[in-house]
Amino acid sequence: MSSVAGSGGARIQSAASLARRDAWLRRLPLLPAFVYVIVVTQIPFALTIWYSFHSWNLLKPGSFRFSGLDNYARLLTDESIRTAVFNTVLLTISVIAISVVLGLAVASLLNSEVFGKGLMRTLMIAPFLIMPTAGALIWKDTLLNPLFGLLPNLLTPFGLGRVDWVNRYPMATVVAVEVWRWTPFMMLIILAGLQSQNPEVLEAARVDGANAFQAFRRITLPLVRPFIELGALLGSLFVVQTFDSIFMLTYGGPGEDTTNIPFLLYLVAFQGFNIGQASAIGVVAVVLTTIIATVALRTLFSIFQVEARR
Amino acid sequence: MSDRKFRPSDRQRGTSRPVSTLIVGLLVALVGGACAGAGGGGGSAGATTITLAAVDNPSMADLKKLVGDFQSSHSNIQVNIVTLPEDQLRQQVTQDVAANSGRYDLFTIGTYEVPLWAKKGWIENLSPYIAKDSSYAPDDLIPGIKGALSYNGNLYAVPFYGESSMLMYRKDMLSAAGVTMPDHPTWDQVAAAAKAVNTSSVSGICLRGLPGWGEQLAPLDTVVNTFGGRWFDQNWNAQLNTPQWHDAVTFYVNLLKNAGEPGAGNAGFTECLNAYNSGKVAMWYDATVAASFFTGDAAKNSGYAFAPTKVKDWSGWLWAWSLGMPSSSKKKDAAWTFADWATSKDYAKLVGTKLGWSRVSPGTRTSTYSIPEYQQAAGAFAQVTLDSISHADVTHPTVDPVPYIGVQYVDIDEFQQLGDQVSQEFAKVIAGGQTVDQALAKAQTLATAVGKVYQH
Chain A
6 MSSVAGSGGA
16 RIQSAASLAR
26 RDAWLRRLPL
36 LPAFVYVIVV
46 TQIPFALTIW
56 YSFHSWNLLK
66 PGSFRFSGLD
76 NYARLLTDES
86 IRTAVFNTVL
96 LTISVIAISV
106 VLGLAVASLL
116 NSEVFGKGLM
126 RTLMIAPFLI
136 MPTAGALIWK
146 DTLLNPLFGL
156 LPNLLTPFGL
166 GRVDWVNRYP
176 MATVVAVEVW
186 RWTPFMMLII
196 LAGLQSQNPE
206 VLEAARVDGA
216 NAFQAFRRIT
226 LPLVRPFIEL
236 GALLGSLFVV
246 QTFDSIFMLT
256 YGGPGEDTTN
266 IPFLLYLVAF
276 QGFNIGQASA
286 IGVVAVVLTT
296 IIATVALRTL
306 FSIFQVEARR
Chain B
112 MSDRKFRPSD
122 RQRGTSRPVS
132 TLIVGLLVAL
142 VGGACAGAGG
152 GGGSAGATTI
162 TLAAVDNPSM
172 ADLKKLVGDF
182 QSSHSNIQVN
192 IVTLPEDQLR
202 QQVTQDVAAN
212 SGRYDLFTIG
222 TYEVPLWAKK
232 GWIENLSPYI
242 AKDSSYAPDD
252 LIPGIKGALS
262 YNGNLYAVPF
272 YGESSMLMYR
282 KDMLSAAGVT
292 MPDHPTWDQV
302 AAAAKAVNTS
312 SVSGICLRGL
322 PGWGEQLAPL
332 DTVVNTFGGR
342 WFDQNWNAQL
352 NTPQWHDAVT
362 FYVNLLKNAG
372 EPGAGNAGFT
382 ECLNAYNSGK
392 VAMWYDATVA
402 ASFFTGDAAK
412 NSGYAFAPTK
422 VKDWSGWLWA
432 WSLGMPSSSK
442 KKDAAWTFAD
452 WATSKDYAKL
462 VGTKLGWSRV
472 SPGTRTSTYS
482 IPEYQQAAGA
492 FAQVTLDSIS
502 HADVTHPTVD
512 PVPYIGVQYV
522 DIDEFQQLGD
532 QVSQEFAKVI
542 AGGQTVDQAL
552 AKAQTLATAV
562 GKVYQH
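Protein chains in written order, with our numbering: chain A, 6 to 315; chain B, 112 to 567.
And the structure:
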């Protein structure tokens, strides 16, 4: 930032101070936003860190005391936390992998000349626009309910009529619902990449004797790769935090089969009212998401740089 | 940084001053606006506004409808009722009392919270208030309920709605299968009946499988109790690895597998009610209040029996939604005036005449059960409800003595989490993901950790 003042080089002192004042005036409009961000994000975060070093159960008056790294030590030893981390990783990787593949397929379809493209695109985006809670409820009750759900009814001829999908295959169900939700998101981002492709390049490839698959593999895919990366990283930022659909579909169960980090945090904070332990889980979750977010932002910037270079 | 080159290299000086003035002006306006907003929250002059956090159930919805009647006779009190679903209510209210914030003047709490919170001084002793009103008649409250809401012999909450558990069955379906249900069935009789009526389209019985200490664990706990199991012995040693627990959980799970509703792992009160009302299950063991929601054939052809038993008689649970007053309330007299009105003898009559007698909330006052109109409307299940509640004893819930109170719960702070975790393990058994022994081994570990808290 000091580069503004420095760019003057060999100017006299007063000019430098003027430039500094100028720089501050330029920053002033950003200040309210900056203050707001600090108040609503950094103060609660600092408090969370502070709580995470304390043993504090809301249900036990007078239990608030400094406990050092106890809460963090418990993170390493507690089996349910290890399960939650495993579930979070499993959920995130499978949701992102499947929705990227499906998103790429749908985006390629919508990028070609098909009848009713506009309507199709609108319909494809719809799952992303439905509220997660409402979407999960529709899946659980209207589609998957073994008594009156649509899917068991359709599968009755195949002898799968009364399968209780949500409880028999809990993780697969949550993954399916989240894939349903995130495929449109991936599709939109990848479609943007596909549409930035110059059709003449593909035509040239065809002239050179490349078949459709080769053209896709050698030309299209490298072009949309940064878009796929961006979609995957932004998506994983959100999928790591999946809460709504787990709350509505499985409530983290059966057992702990679908308890991920956010849901475990909810249980510890609002079923156990163990504020200290919940804070420690929260801090670790923030650190993990920050790592993903940093990578995501780098990718985002590299795309913009490519755009700018053009 | 690459963004440097996008900056305008030279900016015209003249624009800077108006922009900064504009921003300062905006800031002043914002701050000023906030101050003006803060001044506006006073409320109408003279009237005291009390806030009631209420659980979202039909009885509370009726209270909301009738609150105008209260306000017209008490013009100096305004009542603001905030309704929340059960788990959110519990979270909000717990945070409110634990942080002593005084956001609510009254809240609906259950038999689980009352003794715990009374002990911590979070809720007000209501006996002195009750003593001031000669017409309140606390002895008219059903004894079991009154006991469950008392701490050291004083009432700390007043009941608005009470329930026990009972077995409901379709008389037509059972007689078609040649089964007769006694008034006091044993669990073995119920299991045999469930298997006899179970067909591919109609399940024998609906039992809650949905994880949660207030869902699946409520009926399951009553089964454990009557099978002779208990959560802790007198020295707070966890008892979940005992044969009684093993037999009870195995029985429950097998009954669900052999003759229970499909999708048992997701079936709670609402799901079972829908299944029973649509004729997809022939029997249902659940809260006594369920019968007031029956429609169609279910309403016409239902029979009612007491909670099934094995070793221990009278195995029904006990629960009451009641009005408690946080110690942090600053409007205690106004709050009591409303609580008094809403739980009085006359309130039942008001609901009966204004909204219909079947809407009167059950299980609070003995006198309600002697009103002829109510007897007629509540019909067959009124007496079963009253007797079940009267015989439920929160201090002696099990065969062997226990150091805790509570029939379908253990009245300790840790139970919400413990119960939820344990019921999740059982849900996994119901779903076929593990065996009863595996689930009970985990549950025993969890319960042992909790028991240690109370051992010294």
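In this text, a Cβ means the ideal position worked out from N, Cα and C, and glycines have one as well.
Given the structure is predicted, the values throughout are model-derived calculations rather than measurements.
Three-state secondary structure assigned by DSSP to D397/B: The residue given as residue 397/B occupies position 286 in the second sequence. It is a strand residue.
Under 8 Å from the C-beta of N377/B: neighbouring residues of chain A: The sequence position of residue 377/B within the second sequence is 266, counting from 1. What N377/B touches in chain A: K145, N150, D169, V171 and N172.
Identified DSSP bridge partners for R70/A: Start at 1 with the first residue of the first sequence, and residue 70/A comes out as number 65. Looking at the DSSP assignment, R70/A forms a beta bridge with S60/A.
CB contact below 8 Å: P66/A versus chain B: Within the first sequence, numbered from 1, the residue matching residue 66/A stands at position 61. Chain B contact via Cβ: present.
Which listed residue (T225/A, G198/A and I194/A) has its alpha carbon closest to that of E208/A: As a first step, residue 208/A must be located in the first sequence, where it is residue number 203. Per the Cα distances, T225/A.
First and last residue of the uninterrupted alpha helix (DSSP H) at Y272/B: Stepping through the second sequence from its first residue, residue 272/B is reached at position 161. First-last for Y272/B: A268 to E274, but that is the beta strand (DSSP E), not the alpha helix (DSSP H).
Within chain B, the residues that P162/A reaches when beta carbons sit closer than 8 Å: Locating residue 162/A in the first sequence gives position 157, counting from the first residue. Within chain B, no residue comes near P162/A; the closest Cβ sits about 15 Å away, beyond 8 Å.
8 Å Cβ cutoff met for F71/A and F58/A: Counting from 1 along the first sequence, the entry for residue 71/A is found at position 66. Counting from 1 along the first sequence, the entry for residue 58/A is found at position 53. Against a cut-off of 8 Å, the Cβ pair of F58/A and F71/A comes out as a contact.
Pick from T159/B, K176/B, Q182/B and L195/B that is closest to V166/B, judged by C-alpha positions: Translated into the one-based positions of the second sequence, residue 166/B becomes position 55. The option with the nearest alpha carbon to V166/B is L195/B.
Interface positions of the segment 519–539 of chain B facing chain A (Cβ-Cβ less than 7 Å), listed along the chain: D524, Q527, Q528, D531, Q535, E536, A538 and K539
I192/B - containing beta strand (DSSP E), residue span: Your numbering for residue 192/B matches position 81 in the second sequence. Note, I192/B: beta strand (DSSP E), I188 to L195.
As assigned by DSSP and simplified to three states, the class of I317/A: This structure gives no information on residue 317/A, because the portion of chain A shown stretches from 6 to 315.
Enclosing alpha helix (DSSP H) for L351/B [first to last residue]: The count along the second sequence starts at 1 and reaches residue 351/B at position 240. Counting along the chain, L351/B falls outside any alpha helix (DSSP H), and DSSP gives it neither H nor E.
Whole runs of the alpha helix (DSSP H) within the segment 370–436 of chain B, excluding any shorter than 4 residues: 380–388 and 407–411
Local Cβ density within 10 Å of F306/A, reported as buried at 16 or more and exposed below that: To locate residue 306/A, count along the first sequence from 1; it is residue 301. Classification for F306/A: exposed.
Length of the line joining the Cα atoms of L461/B and W428/B: As a first step, residue 461/B is located in the second sequence; it is residue number 350 there, counting from the start. As a first step, residue 428/B is located in the second sequence; it is residue number 317 there, counting from the start. The alpha-carbon atoms of L461/B and W428/B are separated by roughly 28 Å.
Any C-beta of chain A under 8 Å from that of G374/B: Residue numbering aside, residue 374/B sits at position 263 when the second sequence is read from its first letter. Answer yes: the Cβ-Cβ gap between G374/B and chain A drops below 8 Å somewhere.
Separation of P512/B from G151/B, as counted between CA atoms: Residue 151/B sits at position 40 when you count from the first residue of the second sequence. Residue 512/B sits at position 401 when you count from the first residue of the second sequence. Residue confidence is low: G151/B scores 36 on pLDDT, short of 50, so the model does not pin down where it sits. No coordinate-derived value is stated.
Three-state class that DSSP yields for G315/B in the structure shown: Along the second sequence, one-based indexing puts residue 315/B at 204. In this structure, G315/B counts as strand in the three-state DSSP scheme.
Residues within the segment 381–395 of chain B neighbouring chain A, beta-carbon criterion of under 7 Å: A386 and K391
Contact list for the segment 234–261 of chain A against chain B, Cβ threshold 8 Å: Y256, G257, G258, P259, G260 and E261
Per DSSP, the bridge partner or partners of T297/B: The residue given as residue 297/B occupies position 186 in the second sequence. For T297/B, which the question treats as bridged, DSSP gives the partners T420/B.
W144/A versus V182/A - alpha carbon distance: Here residue 144/A is taken as the residue at index 139 of the first sequence, counted from 1. Here residue 182/A is taken as the residue at index 177 of the first sequence, counted from 1. C-alpha separation (whole angstroms): 7 Å.
Residues that A165/B bridges to, as DSSP identifies them: Reading the second sequence from its first residue, position 54 is the one you call residue 165/B. Paired residues: T194/B.
Sheet register partners of N265/B (DSSP bridge): Within the second sequence, numbered from 1, the residue matching residue 265/B stands at position 154. Answer is Y262/B.
Reduced DSSP category for L149/A - H, G, I as helix; E, B as strand; rest coil: Start at 1 with the first residue of the first sequence, and residue 149/A comes out as number 144. L149/A: coil per DSSP, three-state reduction.
Exposed unless 16 or more other CB atoms sit within 10 angstroms - verdict on E525/B: Taking the second sequence and counting its residues from 1, one reaches residue 525/B at position 414. With 16 or more other Cβ atoms within 10 Å, it is buried.
Helix, strand or coil at G148/B according to DSSP, with G and I counted as helix: Residue numbering aside, residue 148/B sits at position 37 when the second sequence is read from its first letter. Unreliable placement is indicated for G148/B, whose pLDDT of 37 sits below 50; no coordinate value is reported for it.
Secondary structure of I134/B, DSSP reduced to three states: On the second sequence, position 23 is the one that residue 134/B refers to. With a pLDDT of 38 at I134/B, under the threshold of 50, the predicted position of this residue should be treated as unreliable, though the coordinate-derived value follows. Reduced to three states, the DSSP call for I134/B is helix.
Residue ranges of each alpha helix (DSSP H) within the segment 258–293 of chain A, 4 or longer: 266–275
Environment of E84/A [buried if 16+ CB atoms lie within 10 Å]: In the first sequence, the residue the question calls residue 84/A occupies position 79. With fewer than 16 other Cβ atoms within 10 Å, it is exposed.
Validate contact between the segment 226–246 of chain B and the segment 483–491 of chain B using beta carbons, cut 8 Å, 3 pairs: no
Range covered by the beta strand (DSSP E) that runs through F218/B: Start at 1 with the first residue of the second sequence, and residue 218/B comes out as number 107. Run containing F218/B: L217 to I220, per the beta strand (DSSP E) assignment.
C-beta neighbour in chain A for K231/B, strict 8 Å: Against the second sequence, residue 231/B aligns to sequence position 120. By this cut-off, K231/B is an interface position.
Continuous alpha helix (DSSP H) assignments of at least 4 residues falling wholly in the segment 18–62 of chain A: 18–32, 36–42 and 48–57
Closer than 8 Å to chain A by CB, P322/B: By one-based count along the second sequence, residue 322/B stands at place 211. Cβ-Cβ to chain A under 8 Å: yes for P322/B.
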